[in-house]
Amino acid sequence: MKDFNFDNAIKHLSDAVKIETVSNVDYEKVEWDKFDDFLAFLEKEYPNVHNVCKKEMVNKYSPVYKWEGKNNNYKPVLFLGHYDVVPADKSSET
211 MKDFNFDNAI KHLSDAVKIE TVSNVDYEKV EWDKFDDFLA FLEKEYPNVH
261 NVCKKEMVNK YSPVYKWEGK NNNYKPVLFL GHYDVVPADK SSET
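Going left to right, the sequence shown walks through residues 211 to 304 as my numbering numbers them.
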């Protein structure tokens with residue numbers, strides 16, 4: 211791919227997964243500051259996305275980005291992802 215920096219992409223992914231966005235059914239146990247850190251990470255590391263796309267927040271921690279095309283004759287596309295993880299079972303650590 212032209213002008214795609216694989217090393218940079220790997221670094222972004224590596225940095226992203228280090229932010230411990232652990233979800234829990236008991237919202238009192240969720241470290242919401244980690245979710246704030248992840249959202250700040252996205253804005254810092256992907257400024258072009260934030261400059262081009264319209265961002266709407268759903269339920270405070272779920273960003274939805276709308277990237278409008280220039281030609282309405284084409285059908286839209288949707289990309290989905292999530293950034294929360296479930297708590298790890300500490301007994302499985304080696």
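All C-beta atoms in this analysis are idealised placements derived from N, C-alpha and C, irrespective of residue type, glycine included.
Which partner residues of residue i appear in the DSSP bridge assignment?
{"i": "P273", "result": "M267"}
{"i": "V240", "result": "V240 is not bridged to any residue."}
{"i": "V232", "result": "V295"}
Can you tell me which of the three DSSP states residue i falls into?
{"i": "V287", "result": "coil"}
{"i": "V295", "result": "strand"}
{"i": "V176", "result": "With the chain running from 211 to 304 in the structure shown, residue 176 is simply not present."}
{"i": "K300", "result": "helix"}
{"i": "E278", "result": "coil"}
{"i": "D247", "result": "helix"}
{"i": "K212", "result": "coil"}
Check whether the Cβ atoms of residue i and residue j lie closer than 9 Å to each other.
{"i": "Y271", "j": "C263", "result": "no"}
{"i": "P273", "j": "E266", "result": "yes"}
{"i": "S233", "j": "D299", "result": "no"}
{"i": "E230", "j": "E241", "result": "yes"}
{"i": "V259", "j": "L249", "result": "no"}
So residue i is in the alpha helix (DSSP H); what residue range does that whole segment cover?
{"i": "K221", "result": "F216 to V227"}
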